[in-house]
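Below: the structure, in structure tokens.
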Amino acid sequence: NIDAGFISNDVDGDGIINSLDLDSDNDGIADYLDNIVPQNVIPEVVNDADSFLIECEPGLRCRLGEFALVSAGGGARLDEDDLIEQDDIGDDEFFDPVGGIFDFEIHELQNPGQQVSIVVPQIAAIPANAVYRKFQDGLWRDFVVDDNNAIHSAQGNLGFCPPPGASGWQVGLIEGFFCVQLTIEDGGPNDSDLEMNSTVSDPGVVSIPRATPTETPVAVTPTPTPVAVTPTVTPTPTPTAEPRVITSKSSGGGSAGLGLLFVLMLGFAARFRQILGRVLLSSFCVMFLLPTPEASAKEGDHLDAWFVEIDFLSLEGEQTAAGFSRSMAEEGSPVNVLNFDNKRTGYQFNIGYEFNKYTSMMFGYADLGDADVEFTTFEADNEVLNEALVESHPHSAHGVVSTYRYSRNIKRFNFLIDIGAFFWAGDIETNHEDVRPDIKSRIDPVFGFGLGYDFNDHIGVNIKYKRFTLNGEVVDGTGIGLHLNF
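The working numbering applies: residue 249 is where the sequence shown begins, and numbers increase by one.
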């Protein structure tokens, strides 16, 4: 701790009293306390510049995080008093810190969105069953490990660790080791500001699950009366003894749905052809207040105007790991995200009718693939958890798509604009039988545009962008498609 008398002196002899001294290297530590020259190194406590040093990659600038700036020790490490005195950061309800709580920022990344590594010496050896916990958006949660974020450990010695990227780092938190290396993606799920801004912030700590309190019997003293007294036991309310690990998948449909729709559409197309197309188009135009194309073609024209399209899509939903964690907490079921994957592949099959060279109507089937999440939770009430997952889980879907298309042709090239309605259903499957969120079927808009090229009168290809809206969540997709006239 730094007392008032120390602040009023001129420790570094530069003619400026300590309380007015500057922070020339902008690491959050005043010059009179800062004896460390490299900008990629900051102390865990300000009065120790020889050991327990947090080290970023060379070329980057480390500085104290927002909570560490006002910490009692003056460095990047927070103690229990800091947690009590600072209202914006609180105790972890389900885990106990072990190796020190550290709050730091990494600045001057060369490219927004890049990965950076930082080494954090621990004040105690990593225990068994340890996890790395992060404080983000007012909640403690697990560090997310994925392709761009990782945790490594090294043996080291108390207070001394190898630099970032050196040999000897091993994947995970290894019992008995003293050193932790975090690899964090700028703007990723472990960057507290969630922005790709060439800055990473990370209040975090190595922790272990809290022990579950046990039921305590209350002693009852017998009275001298002949009335029998039965001793009672008062249970202490506790969370679930161990967190449940839940693997969930928001799924689209399958090949059975596509095959059935394909057969039905071909049957209807063969039987009704123009009549069906005009009825569908008129209904769609009335629904969306779109102009109906001129019915100037003579009976018997456009008999070859039917076409089939199939698109293969690379899709990604807007929901993020941090957003999922935040939403689950708001719904009353805090979770710790272990893995989160909202990128998938999907497809859309359409059969359509071209009324003239500008307008077409399509009717088809879309499957938006699977979105996967793995998380832990202490929530024992499955009904509460199911309701939270309905609101928070990344959406996927399968269903019928009705689309109006406007196109402009320039020789063999054509520019396409699609607007339509998606009549979809979705499922969330988990590895727990009692965790089965009920996703209601909905009708939501779908929009797209693309560029096509016709090899001849019968075969063409196109590239497309599509945007689906699923109960408020946007799912964007890009892909390539095949167009067949018949």
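Glycine residues also receive a C-beta, built at the ideal position from the N, C-alpha and C atoms.
### Query
Would you call Lys714 buried or exposed, if buried means 16 or more other Cβ atoms sit within 10 Å of its Cβ?
Flag for Lys714 reads buried.
### Query
Which of helix, strand or coil does DSSP assign to Leu635?
Contrary to the premise, residue 635 reads as Glu rather than Leu in this sequence. Three-state result, Glu635: helix.
### Query
Does DSSP classify Phe661 as helix, strand or coil?
strand
#### Entry: Runs of beta strand (DSSP E) wholly within the stretch 586-611 (minimum 3 residues, chain order)
591-602
#### Entry: Where the alpha helix (DSSP H) containing Asp191 begins and where it ends
Only positions 249 to 734 of the chain appear in the structure, and residue 191 is not among them; the question remains open.
### Message
Could you tell me the alpha carbon to alpha carbon distance between Gln363 and Gly436, rounded to whole angstroms?
### Response
Those two C-alpha atoms are separated by around 9 Å.
### Task
Below 8 Å CB to CB, which residues in the same chain sit around Phe611 once its five sequence neighbours on both sides are set aside?
Met513, Leu528, Asn598, Ile599, Gly600, Val648, Val649, Ser650, Thr651
### Query
Can you list, in chain order, the residues of its chain whose CB lies under 6 Å from that of Ala614, leaving out five sequence neighbours each side?
Gln596, Val649
### Query
Name the DSSP beta bridge partners of Val648, please?
Tyr613, Phe671
### Message
Considering only their Cβ atoms, is the gap separating Val723 from Leu616 smaller than 8 Å?
### Response
yes
### Task
Would you mind sorting Gly696 into buried or exposed? The rule is 16 or more other CB atoms within 10 Å of its CB.
buried
#### Entry: Counted within 10 angstroms of its Cβ, other Cβ atoms place Arg458 as buried (16 or more) or exposed
Per the 10 Å Cβ criterion, exposed.
### Query
Phe697 by DSSP, collapsed to three states: which one?
Of the three classes helix, strand and coil, the one that applies to Phe697 here is strand, per DSSP.
### Ser575 - containing beta strand (DSSP E), residue span
Element bounds for Ser575: not the beta strand (DSSP E) but the alpha helix (DSSP H), 569-578.
### Message
According to DSSP, simplified to helix, strand and coil, what is Ala316?
### Response
helix
### Message
For Gly413 and Ser365, what's the separation of their Cα atoms in angstroms?
### Response
8 Å
### Opposing strand residues paired with His400 [DSSP bridges]
For His400, which the question treats as bridged, DSSP gives the partners Val419, Gln429.
### Query
Sorted by chain position, which residues of the same chain lie with C-beta nearer than 6 Å to Ala518's C-beta, five sequence neighbours on each side aside?
Low confidence applies to Ala518: its pLDDT is 49, below 50, so where it sits in the model is not reliable, and the reading given next is rough at best. Excluding sequence neighbours, Ala518 sits near nothing in its chain.
### Query
Is the shortest distance between the beta-carbon of Glu305 and the beta-carbons of chain C less than 8 Å?
Of the protein chains in the structure, only one exists, and it is not chain C.
### Message
By alpha-carbon positions, which one of Arg592, Ala320, Gly698 ends up nearest to Phe350?
### Response
Ala320
### Task
Check each candidate in Lys659, Ile687, Arg381, Cys304 and name the one with the smallest Cα separation from Leu357.
Cys304
### Task
Report buried or exposed for Arg656, applying the criterion of at least 16 other Cβ atoms within 10 angstroms of its Cβ.
With fewer than 16 Cβ atoms within 10 Å of its Cβ, Arg656 is classed as exposed.
### Query
By DSSP, does Ser498 sit in helix, in strand, or in coil?
strand
### Per DSSP, the bridge partner or partners of Arg653
DSSP links Arg653 through a beta bridge to Ser608, Asp666.
### Message
Residues in the same chain with beta-carbon distance under 6 Å from Glu639, minus the five sequence neighbours each way, listed in chain order, please.
### Response
Glu579.
### Task
Go to Gln363, then tell me how far its beta strand (DSSP E) extends in each direction, as first and last residue.
363-369
### Whole-angstrom distance between Phe588 and Asp330, CA atom to CA atom
32 Å
### Task
Look at the alpha carbon of Asp629 and the alpha carbon of Ala669, and state the distance between them as a whole number of angstroms.
36 Å
### Query
So who's on the other strand from Val722, going by DSSP bridges?
Thr717
### Task
May I ask you to verify whether the stretch 428-448 touches the stretch 335-344, counting CB pairs closer than 8 Å and requiring at least 3?
no
### Query
Under the rule that 16 or more other beta-carbon atoms within 10 Å means buried, what is Pro472, buried or exposed?
Low per-residue confidence applies at Pro472: pLDDT is 46, beneath 50, and the placement is therefore not dependable, though the value from the model is reported in the following sentence. Result: exposed.
### Message
If you reduce the DSSP assignment to three classes, tell me which class Asn377 lands in.
### Response
Three-state DSSP puts Asn377 in coil, outside helix and strand.
### Query
In this structure, does DSSP put Asn710 in helix, strand or coil?
Asn710 falls in the strand class under three-state DSSP.
### Query
Which class does Asn630 belong to by DSSP, given the choice of helix, strand or coil?
helix
### Query
Helix or strand or just coil, what does DSSP make of Ser581?
coil
### Task
Go ahead and pull the three-state DSSP assignment for Ser640.
The answer is helix: DSSP assigns Ser640 an H, G or I state.
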